[in-house]
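Right, one structure below, let's go through it.
Protein chains: 2
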Amino acid sequence: MAPKIVDREAKKEQIVHAAIGVFAEKGVANTKMIDIARAAAIGKGTIYEYFRSKEDIFAAAYNRMNREMEMKIGQILSGSEHPAVQLQMIFDLSLDYFGHDAVEFSAVMMDFWAEGIRRKSPEMMGVINLKEIYDQYREIIAGIVRNGQRQGLFIDVDPVSYASLAIGALDGMLLQMVMSAEIIDIARVKETFKRTMIQCLQKEKPNTINPEKKK
Amino acid sequence: MAPKIVDREAKKEQIVHAAIGVFAEKGVANTKMIDIARAAAIGKGTIYEYFRSKEDIFAAAYNRMNREMEMKIGQILSGSEHPAVQLQMIFDLSLDYFGHDAVEFSAVMMDFWAEGIRRKSPEMMGVINLKEIYDQYREIIAGIVRNGQRQGLFIDVDPVSYASLAIGALDGMLLQMVMSAEIIDIARVKETFKRTMIQCLQKEKPNTINPEKKK
DNA sequence: ATATTAATACCGACCAGTCGGTCAAAATAA
DNA sequence: TTATTTTGACCGACTGGTCGGTATTAATAT
C-alpha cells in the first residue's frame, strides 16, 4: 500500500546536470533527448517523468547556472564597502567564472544567450526571460556606481549607461575568449578590462585603491 | 539552340536578399527553405539551382552583411589621420549600423554569432569562420592603437587587449540594445561608450581632440 | 519473517509531424 | 524546336513526445 519513493528533486538535478554536460559538448540545438537520457544513464521516457519538454530542461539548466552567479554576487554586495572594490570583485567573478577552465560552460551560456534573443519578442512562455536577468544585473552595477558617486568617489557618468557598457564588455569579451582563446592573452585582457572600466570611473588618482592583487 | 538566359548573379542576390529578410523576421534556425522561396517569389526547387544548401545561403548572407561593414571601415582607415578620430568613427559606424532603425539586422547578426560559436571547434566546412572575422577586426583596432602610441598620443596599454575590450563592448552592447531597447537610453549609452573607451586611452588632457561632433 | 499487493518509477518501441533536398515534368525563351 | 530554367510533389531521415507494459519498492497481512 506504499510505493517506491525517490527523491524527485535529486533526480531532476541529476538530469539537469547531465543535460548541461551534453549542452556544453554538442550545443543546445544539437542535443537530442536521447543524448540527455544516455548521459544521465536513464531511459528516454523517464526524462518526461520529471520534465514536460526539452524546453523545460533548457530553462532548468539556465536557471541553475544563473542562480549560482546570483548568489556569489549577493555575497560580494553584502561584503566589502568600497564601490570600486565591489565592481572589481564582480568583474573578476564574471571573468573567472567563464574564463576558468570551464570554457565549455561559456559555450552553453552563449547558447542560452542566442536563444534568449530569439525569444525576446514572442510570448516566450515565461521560460527564459534573459532580458529580466540583464535588467537586473544592470541595476546592480548601476547601484554600485550611484553609491560611489554619492560618496564623491566616482565621476558623474550616467550609471545605467555605464552599467550597460560594463556588462556588454563582459559579455563581448566572453565571446572572444571562447572563440580565440589561443590568440588573445586572457589574463592580460582581463587586467586591461578592469583597469579601463574602473579607472575611468574614478575621480582623480586612479591609485586611490589598488587595482592589483598584492602578491 | 540558344535558350533562356538569366543573370545568375542577380538571381543569387535576389535570393540572399530575401533570405536575410526572413532571417531577420524569424531567426535563422526557424527559417525554412520554403519561407525563403516564398519571400523571393520563386519555387523552392529553384533555390537549389543557385545554392547548394541552406548552409550555403546562410554563409552567403553572412558574407554579404560583412562585406558592407568591411568596406566602410576601409574608407575610415584611409581617411582621417588622428587615431582617436579613427577609433571614434569606427565605433560610431558599428554602433549606428546596428543601433539604427535596423534592429532586425542586429538579431540576424546575433544568429550568425551564435552559429559561429557553435561551429568553432568542428570542421565547420569553411562556411563561416566567425573567428577569422574577429581576429581581423581586432587587428584593425589594435593597429590604430599602436599607431596612436607611436605618435605619443595614447597611453601604454596592450593594443590587442584594448582591441578585445573595445570589440567585446561593442558586441555586448548590441545585445543589450536588441534586448532592452525600451529601457536603456541608446544615445546616452553610445556616448558613454565612446567617452570611456577613447578617453581612457589618451595620455593627458582628454580634450586634446574634441570627441564631440561640432554642431 | 515473508508473501502479497498496490503504488509508483522506469523504459524504449513507436508515432506523427517536420523539413532539407531531389527529380521528372512543365514552362519558357531563343 | 530545343536547350535551359523553374517548379512543387515527393522522399526519407530525423526527433520530440507518448504509451503500454515491466520492474521496483514498501506498506500490509500472515
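For the record, the sequence lines run as chains P and R. Sequential numbering of the first sequence, starting at 0, is according to numbering that gives the first Met the number 0. Sequential numbering of the second sequence, starting at 0, is according to numbering that gives the first Met the number 0. Glycine included, each C-beta is placed from N, C-alpha and C at the ideal position.
Secondary structure of residue i, DSSP reduced to three states
i	result
glutamine 175/R	helix
glutamine 201/R	strand
lysine 193/R	helix
serine 93/R	helix
lysine 214/R	With a pLDDT of only 28 at lysine 214/R, under the threshold of 50, the placement of this residue in the model should not be trusted, and no figure is reported.
glutamate 131/P	helix
isoleucine 143/R	helix
valine 15/R	helix
serine 105/R	helix
arginine 8/P	Before going on, a small fix: residue 8/P reads as glutamate here, not arginine. Looking at glutamate 8/P - three-state DSSP - the assignment turns out to be helix.
serine 163/P	helix
glutamate 138/R	helix
valine 84/P	helix
aspartate 184/P	coil
proline 121/R	No answer about proline 121/R holds up, because its pLDDT of 44 lies below 50 and its placement is not dependable.
asparagine 206/P	Residue placement at asparagine 206/P is poorly supported in this model, since its pLDDT is 41, which falls under 50; the coordinates are not used for a value here.
Integer Cβ distance of residue i from residue j, believed to fall under 8 Å
i	j	result
aspartate 170/P	glycine 171/R	4 Å
isoleucine 183/R	serine 163/P	5 Å
tyrosine 47/R	methionine 68/R	About 29 Å separates the two Cβ atoms, so there is no contact after all.
alanine 59/P	valine 15/P	5 Å
threonine 191/P	serine 160/R	4 Å
isoleucine 143/P	glutamine 85/P	5 Å
alanine 217/R	alanine 106/R	As displayed, chain R neither begins before 0 nor continues past 214, which places residue 217/R out of reach and without an answer.
tyrosine 35/R	valine 21/R	It should be noted that the sequence gives isoleucine, not tyrosine, for residue 35/R. That belief holds up - the Cβ atoms of isoleucine 35/R and valine 21/R are roughly 6 Å apart, short of 8 Å.
lysine 3/P	serine 179/R	So it is not a contact: roughly 47 Å between Cβ atoms.
tyrosine 61/P	phenylalanine 111/P	5 Å
leucine 92/P	lysine 189/P	Leucine 92/P to lysine 189/P, Cβ: 12 Å. No contact.
isoleucine 197/P	glutamine 87/P	6 Å
alanine 168/P	alanine 168/R	4 Å
glycine 193/P	phenylalanine 90/P	Reading the sequence as shown, one finds lysine at residue 193/P and not glycine. Sure, about 6 Å apart at Cβ, within 8 Å.
asparagine 65/P	isoleucine 132/P	6 Å
alanine 83/R	glycine 151/R	Actually they are not in contact, since the Cβ atoms of alanine 83/R and glycine 151/R sit about 12 Å apart, beyond 8 Å.
glutamine 145/P	aspartate 157/R	Looking at the sequence shown, residue 145/P is not glutamine but arginine. At roughly 31 Å, the Cβ-Cβ gap does not stay under 8 Å, so arginine 145/P and aspartate 157/R are not in contact.
Those residues which DSSP pairs with residue i across a bridge
i	result
phenylalanine 153/P	Gln201/P
For a minimum of 4 consecutive residues, which ranges assigned as the alpha helix (DSSP H) are wholly contained in the region 25-77 of chain P? 32-38, 43-49, 53-77
When the Cβ atoms of the region 33-53 of chain R are set against those of the region 61-74 of chain R, are three or more pairs found closer than 8 Å? no
Spell out a yes or no on whether the region 74-92 of chain P and the region 26-41 of chain P are touching, meaning 3 or more CB-CB pairs, one atom from each, closer than 8 Å. Three or more beta-carbon pairs separated by less than 8 Å are not found between the region 74-92 of chain P and the region 26-41 of chain P, which leaves the two stretches without contact.
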